[in-house]
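Sequential numbering from 0 applies to the first sequence in numbering that gives the first Met the number 0.
Accompanying notes for the structure given below.
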Amino acid sequence: MKADFTQNLLEWNDFHNSRALPWKGETNPYKVWLSEIILQQTRVEQGLAYYQRFIEKYPDIHYLAKAPDEEVYKLWEGLGYYSRCKNLIETARLISASHHGHFPNTYAEILKLKGIGPYTAAAIASFAFKEKRAVVDGNVQRVLSRYFGITTPVDTTEGKKLFSGIAQALIDENAPAAYNQAIMDFGATICKPRNPLCNICVQADDCEAFRNNFVNDVPVKQKVMKIKTRWLYYFIIETNDGVYIRKREEKDIWQNLHEFVLLESHEEITDPHNIFLGKLLQHQSYKILSRSDVHTQQLTHQRINGRFYRVGLTGKISLGKNYKYVKKINLHGYAFPRFINSYLEKEFY
DNA sequence: AACCCGGGGGG
DNA sequence: CCCCCAGGGTT
């Protein structure tokens, strides 16, 4: 069984895999690591430009370690899952300082690093250090569940153990890196989530799901997360040349990114400024300069709705220590969530 | 084990 | 509108 699957895969890789990516064949652990963090739960097409910008700005791990937090977040801005950026910075500084810039070179040691789990540790260990350690990502789960006809949910403890065991049994002894790269390319280009190319698949003869016609029913996933709706009313309190912003510190979406003065609700509010600005600005005189249409953004597990109000002030005020007064010209130096940036780009700048 | 964390593209 | 993406961390 293994011989067939692995042999066919590597043969396909040699003669029919034309996928070209900048990090393919890369053995520099820093570059492998960076690419893998960027690609976590992220499409290759989306991550590619980010990877190139990071490599350009931070050619090695010491450059990244020395960079100010805000600069790195700004470079990560728009990519999502911002804890990846936080862990990226922490790990870079740890390796730069404590390991003299030398990346740990075994799966077990790599796995201890922040932001690195089983998949990423296996990827770095195999690509950079040729360790025989099979990767299990969404592609691998899909390929294996179809080929072997596995209906165990992939997102359970049992499923994770099952798939990592099978993957490790299938990996090629002599070419672990090539095998790992090949199975992910195969999953991304042939054994795709929807409309897989079974008609030209070199594994089709031995594929359980194809032979029994349930290719579209695997892999099985268990978790169904309910989507909650949030209403965010942002007040851009501004003077002639500055605005007030704060960093989101709480455990919530967009942690460590910036925002304006916020009134949040679980449902729509007709005139949010009436109940809010009076209290916030006390005796200050202010003027509502504009009110945006309702903006929306659909996240995986939340639906964000909201409006943006520009509020004019004659002079500076104090909104507490959480808020910073920033000149409008310098807003570009701070990282904002997409929800805010899309407003700024269209209606503010 | 259950829940949380973004944003984009395809059907 | 729903699903998925070179997953990982926290509770």
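Where is the CB? At the ideal position from N, CA and C, for every residue including glycine.
Every value quoted in this text rests on a predicted model; they were computed, and no experiment measured them.
Item: Assuming L112 and P103 make a contact with CB atoms under 8 Å, what is their CB distance in whole Å?; Value: 7 Å
Item: Report the CB separation of I244 from F259 in whole angstroms; it is logged as a contact under 8 Å.; Value: 6 Å
Item: Can you name the start and end residues of the beta strand (DSSP E) that I303 belongs to?; Value: 301-312
Item: Taking all protein chains shown into account, decide if A168 is buried (16 or more other Cβ within 10 angstroms of its Cβ) or exposed.; Value: exposed
Item: For M224, is the classification buried or exposed, using 16 other Cβ atoms within 10 angstroms of its Cβ as the cut-off for buried?; Value: exposed
Item: Once you ignore the five residues that flank H101 on each side, which residues in its own chain have a CB closer than 8 Å to its CB?; Value: I94
Item: Quick one: give me the first and last residue of the beta strand (DSSP E) that W75 is part of.; Value: Counting along the chain, W75 falls outside any beta strand (DSSP E), though it belongs to the alpha helix (DSSP H) covering 68-75.
Item: Shortest alpha-carbon distance to K85 belongs to which of P58, F147, L110, G114?; Value: G114
Item: Measure the alpha-carbon distance for V214 versus V139 and round it to whole angstroms.; Value: 14 Å
Item: Using the Cβ count rule (16 or more neighbours within 10 Å means buried), how would you classify S17?; Value: exposed
Item: Specify the secondary structure class of H257 as computed by DSSP and reduced to three states.; Value: strand
Item: So the alpha helix (DSSP H) K65 belongs to, where does it begin and stop?; Value: 60-65
Item: Output yes or no for whether 8 Å exceeds the beta carbon distance between V135 and S144.; Value: no
Item: Sort V242, F209, Q297, D240 by Cα distance to I252 and report the nearest one.; Value: Q297
Item: Could you give the distance in angstroms between the alpha-carbon of R229 and the alpha-carbon of H265?; Value: 5 Å
Item: Quick check on the DSSP output: the alpha helix (DSSP H) that includes F338 runs from which residue to which?; Value: 337-342
Item: Can Y29 and I37 be called in contact, C-beta distance under 8 Å?; Value: no
Item: Y106 and E130 look like a contact to me (Cβ under 8 Å); what is the Cβ gap, rounded to whole Å?; Value: 6 Å
Item: So, at 7 Å on beta carbons, what are the nonlocal neighbours of A203 in its own chain, with the 5 sequence-adjacent residues on each side left out?; Value: C197, F209
Item: Check whether the Cβ atoms of A96 and V31 sit closer than 8 Å, and answer yes or no.; Value: no
Item: Can you look up V242 in the DSSP assignment and give me helix, strand or coil?; Value: strand
Item: Decide yes or no for the touch test of the region 170-189 against the region 7-24: beta carbon pairs closer than 8 Å, at least 3 of them.; Value: yes
Item: Whole angstroms are fine: how far does the CA of L280 sit from the CA of F185?; Value: 59 Å
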